[in-house]
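Residue numbers (my numbering), protein chains in the order written: chain A, 4 to 303; chain B, 4 to 303.
Below is one structure, written out as structure tokens, with a few remarks after it.
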DNA sequence: GTCATCGATACGCCTTGAGTATCAATTAAA
DNA sequence: TTTAATTGATACTCAAGGCGTATCGATGAC
């Protein structure tokens with residue numbers, strides 16, 4: 004004979020009420036099956052749990068001891084069921100986020116905060132990767148979702164735009180072109196450029212380079228860094244000019260001036276994932292990403 | 004639908020093997036009922052626990068999570084069963100021992116040590132009581148067993164002799180009677196006595212007084228103390244004489260001399276308990292007490 | 001002494017779990 | 001490409017076991 008949960012539930016009800024009739028009512032059964040299950044439990048344990056007289060029921064020492072543990076076992080199982088359901092819904096678990104520093108600087112903190120607030124029981128594992136590694140990490144399952152620019156992405160990966168904004172020119176404050184309301188890209192042909200490295204930010208690098216080529220020149224690159232804040236700092240020091248996402252103008256750095264450009268270019272950031280990834284947390288994160296994207300689009 | 008332990012056991016077996024056929028064999032059932040029970044479990048949880056293809060079975064995130072907890076729940080229940088059985092056998096639990104200091108000085112430490120060694124999982128609660136309170140404590144269930152002299156005990160209490168030894172006289176080393184191999188009790192008539200208080204050691208007090216009266220005198224009591232070691236100390240200081248259990252002679256106190264007496268009196272100590280006490284630890288303690296009593300009788 | 005309460009027992013019904021046979025899907029081998 | 005083997009799911013049947021009704025026996029209360 005083996006113990007069943009029914010017997011534990013019946014036992015706990017009886018131990019709580021110490022009355023077969025009332026315990027049975029509480030369990031939505033009649034008294035005889037309760038008597039039988041308790042007897043079967045005692046038989047399985049090989050120990051008396053109750054002392055019954057036809058006038059009162061009380062626990063034995065073994066019964067008191069078993070009661071403590073039975074309550075804990077039932078509570079543990081209940082907790083396991085709840086947390087498993089939460090895991091299945093993606094409300095808890097582990098989400099591995101891969102990001103490229105150049106792409107994630109703007110979106111990552113806000114999106115992670117939103118997700119973390121919505122699902123505090125989910126564990127987020129962030130890891131910085133270079134763009135070409137991101138695809139492989141997502142396809143192999145080493146990462147669940149990436150935050151990146153929409154670079155040439157291989158089959159088997161989905162992309163969702165979360166944020167988009169125009170490129171603006173950033174110039175030293177004393178620069179002649181800073182006087183104009185709009186910067187004509189062609190006039191930057193002779194300026195030294197401070198850009199993103201092609202290796203770690205191919206999309207942004209290609210966008211800037213493409214914009215220049217369209218105006219008939221190849222940008223003369225003096226410095227490269229994948230930290231956008233550093234680019235602005237270097238421009239403010241008078242070391243060159245650059246094209247950066249407009250939102251960088253929030254930096255309000257003395258010595259750097261932001262201006263829209265004559266031929267608008269939009270740079271976007273989004274999330275990338277493998278649709279066959281079964282991690283339930285991914286679905287919840289994508290919900291957040293969609294809502295975040297809509298909020299950004301609406302608020303822009 | 005409610006979860007049953009059968010489903011947990013089946014689930015753990017399947018999660019361990021990741022193969023319906025082998026898990027079923029291991030569970031001593033066939034494969035179809037295993038499939039059905041797992042499906043029922045998933046249905047109850049409202050979450051998929053396995054991803055099945057006809058070629059391989061693997062756990063989902065929720066399945067891995069549930070597996071951890073299911074293993075713990077089953078282990079907890081197993082532990083609860085074992086410890087409950089141990090409790091029923093009296094191998095663990097709480098045993099409340101009441102003792103009178105005058106009676107327990109000799110038997111208590113050895114008996115408690117023997118019991119504690121035999122049942123290390125049992126908790127022993129010692130409390131000193133005066134003799135008249137011991138009976139009441141045992142009858143009311145406030146104590147499980149007492150260690151005492153066999154005083155007039157009320158109905159409803161059982162007594163088992165554990166130790167018995169003769170009373171010997173203890174005299175100051177320079178006392179004239181100390182020269183004799185055996186002390187005639189009648190010659191102590193004029194000596195000041197150091198005795199046990201009648202209130203806290205009625206049996207011992209009555210035994211000494213009765214012995215004196217049989218020899219035609221009432222002992223002249225100079226000092227009373229219920230600590231037998233103190234009695235010997237006071238005798239060694241020359242403050243009087245006393246009749247004490249022979250084993251006190253082990254004290255080897257300079258200035259005190261022990262001698263057998265002309266009319267031997269036996270003082271015994273034993274354990275007292277209420278036979279309707281259902282504490283399983285009591286039965287094990289009484290086993291120890293019996294064995295201890297036989298060992299003492301045999302070694303004496 | 002009678003009646004009420006309460007847990008145990010007897011008996012019948014029916015739910016449900018297990019076994020057999022088989023299907024459907026996938027993969028390996030010919 | 002076809003065939004065979006493996007594996008989990010499903011259909012059907014049987015039987016064990018859980019539950020409900022009726023009743024018993026013991027214990028207290030009035």
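Idealized CB from N, CA, C, for every residue including glycine.
Contact check, residue i vs residue j, beta carbons under 7 Å
{"i": "residue 79 of chain B", "j": "residue 87 of chain A", "result": "no"}
{"i": "residue 231 of chain A", "j": "residue 251 of chain A", "result": "yes"}
{"i": "residue 171 of chain B", "j": "residue 261 of chain B", "result": "yes"}
{"i": "residue 150 of chain A", "j": "residue 97 of chain A", "result": "no"}
{"i": "residue 200 of chain A", "j": "residue 227 of chain A", "result": "yes"}
{"i": "residue 11 of chain B", "j": "residue 73 of chain B", "result": "yes"}
{"i": "residue 141 of chain A", "j": "residue 277 of chain A", "result": "yes"}
{"i": "residue 198 of chain B", "j": "residue 229 of chain B", "result": "no"}
{"i": "residue 307 of chain A", "j": "residue 29 of chain A", "result": "A query on residue 307 of chain A cannot be resolved here, the shown segment of chain A reaching from 4 to 303 and no further."}
{"i": "residue 205 of chain A", "j": "residue 112 of chain A", "result": "no"}
{"i": "residue 165 of chain B", "j": "residue 295 of chain B", "result": "yes"}
{"i": "residue 254 of chain B", "j": "residue 235 of chain B", "result": "yes"}
{"i": "residue 33 of chain A", "j": "residue 26 of chain A", "result": "no"}
Of the residues the options, the one placed nearest residue i, counting alpha carbons only
{"i": "residue 89 of chain A", "options": "A:123, A:207, A:62, A:233", "result": "A:123"}
{"i": "residue 176 of chain A", "options": "A:263, A:257, A:40", "result": "A:257"}
{"i": "residue 300 of chain B", "options": "B:159, B:94, B:169", "result": "B:169"}
{"i": "residue 70 of chain A", "options": "A:131, A:21, A:132, A:33", "result": "A:21"}
{"i": "residue 266 of chain A", "options": "A:213, A:121, A:73, A:224", "result": "A:213"}
{"i": "residue 5 of chain A", "options": "B:284, B:77, B:159", "result": "B:77"}
{"i": "residue 185 of chain A", "options": "A:105, A:241, A:264", "result": "A:264"}
{"i": "residue 274 of chain B", "options": "B:234, B:202, B:36, B:106", "result": "B:106"}
{"i": "residue 268 of chain A", "options": "A:281, A:59, A:210, A:104", "result": "A:210"}
{"i": "residue 9 of chain A", "options": "A:24, A:254, A:44, A:28", "result": "A:44"}
{"i": "residue 68 of chain A", "options": "B:62, B:56, B:82, B:61", "result": "B:82"}
{"i": "residue 283 of chain A", "options": "B:33, B:55, B:63", "result": "B:63"}
{"i": "residue 190 of chain A", "options": "A:217, A:32, A:208, A:206", "result": "A:217"}
{"i": "residue 225 of chain A", "options": "A:193, A:202, A:116", "result": "A:193"}
{"i": "residue 102 of chain A", "options": "A:145, A:95, A:13", "result": "A:145"}
{"i": "residue 59 of chain A", "options": "A:203, A:24, A:236, A:139", "result": "A:24"}
{"i": "residue 173 of chain A", "options": "A:119, A:183, A:166, A:167", "result": "A:183"}
{"i": "residue 259 of chain B", "options": "B:233, B:221, B:280, B:279", "result": "B:233"}
{"i": "residue 152 of chain A", "options": "A:143, A:178, A:108, A:139", "result": "A:108"}
{"i": "residue 279 of chain A", "options": "A:188, A:167, A:143, A:178", "result": "A:143"}
{"i": "residue 249 of chain A", "options": "A:139, A:167, A:31", "result": "A:167"}
Anticipated Cβ contact below 8 Å, residue i with residue j, distance rounded
{"i": "residue 99 of chain B", "j": "residue 147 of chain B", "result": "5 Å"}
{"i": "residue 270 of chain B", "j": "residue 207 of chain B", "result": "6 Å"}
{"i": "residue 160 of chain A", "j": "residue 289 of chain A", "result": "No, residue 160 of chain A and residue 289 of chain A are not in contact; Cβ-Cβ is about 13 Å, not under 8 Å."}
{"i": "residue 156 of chain A", "j": "residue 196 of chain A", "result": "Not quite, the Cβ-Cβ distance comes to about 27 Å (not below 8 Å), so this is no contact."}
{"i": "residue 346 of chain B", "j": "residue 95 of chain B", "result": "Outside the shown range of chain B, which is 4 to 303, sits residue 346 of chain B, and nothing can be said about it."}
{"i": "residue 7 of chain A", "j": "residue 7 of chain B", "result": "6 Å"}
{"i": "residue 118 of chain A", "j": "residue 291 of chain A", "result": "5 Å"}
{"i": "residue 286 of chain B", "j": "residue 54 of chain A", "result": "Rounded, the Cβ-Cβ distance is 15 Å, inconsistent with contact."}
Residue i Cβ short of 6 Å to the ligand GTP heavy atom set
{"i": "residue 256 of chain A", "result": "Within the structure as shown, the ligand GTP is missing, as the structure has no ligands at all."}
Ignoring anything shorter than 3 residues, give me the beta strand (DSSP E) runs that lie fully in the stretch 210-239 of chain B, in order along the chain.
Listed in chain order, they are 223-227.
Do three or more CB pairs link the stretch 23-40 of chain A to the stretch 44-54 of chain B at distances below 8 Å?
No: fewer than three Cβ pairs fall under 8 Å.
Any chance you could list the alpha helix (DSSP H) runs of at least 4 consecutive residues sitting entirely within the stretch 4-91 of chain A, in chain order?
Runs of the alpha helix (DSSP H) spanning 4 or more residues and lying entirely within the stretch 4-91 of chain A occur at 8-20, 23-29, 34-48, in chain order.
Tell me whether the stretch 128-141 of chain B and the stretch 231-245 of chain B touch, counting them as touching only if at least three CB pairs, one residue from each stretch, are closer than 8 Å.
Output reads no: the stretch 231-245 of chain B does not touch the stretch 128-141 of chain B.
Fully enclosed by the stretch 106-145 of chain B, which alpha helix (DSSP H) runs are 4 residues long or longer?
The stretch 106-145 of chain B is shown to contain whole alpha helix (DSSP H) runs of 4 or more residues at 134-143, in chain order.
Could you tell me which whole alpha helix (DSSP H) segments of length 4 or greater appear in the stretch 274-300 of chain A?
Counting only unbroken stretches of 4 or more residues, no alpha helix (DSSP H) element lies wholly within the stretch 274-300 of chain A.
Taking only runs that begin and end inside the stretch 148-188 of chain B, name each unbroken beta strand (DSSP E) of 3 or more residues, in chain order.
Correct list: 148-151, 161-175.
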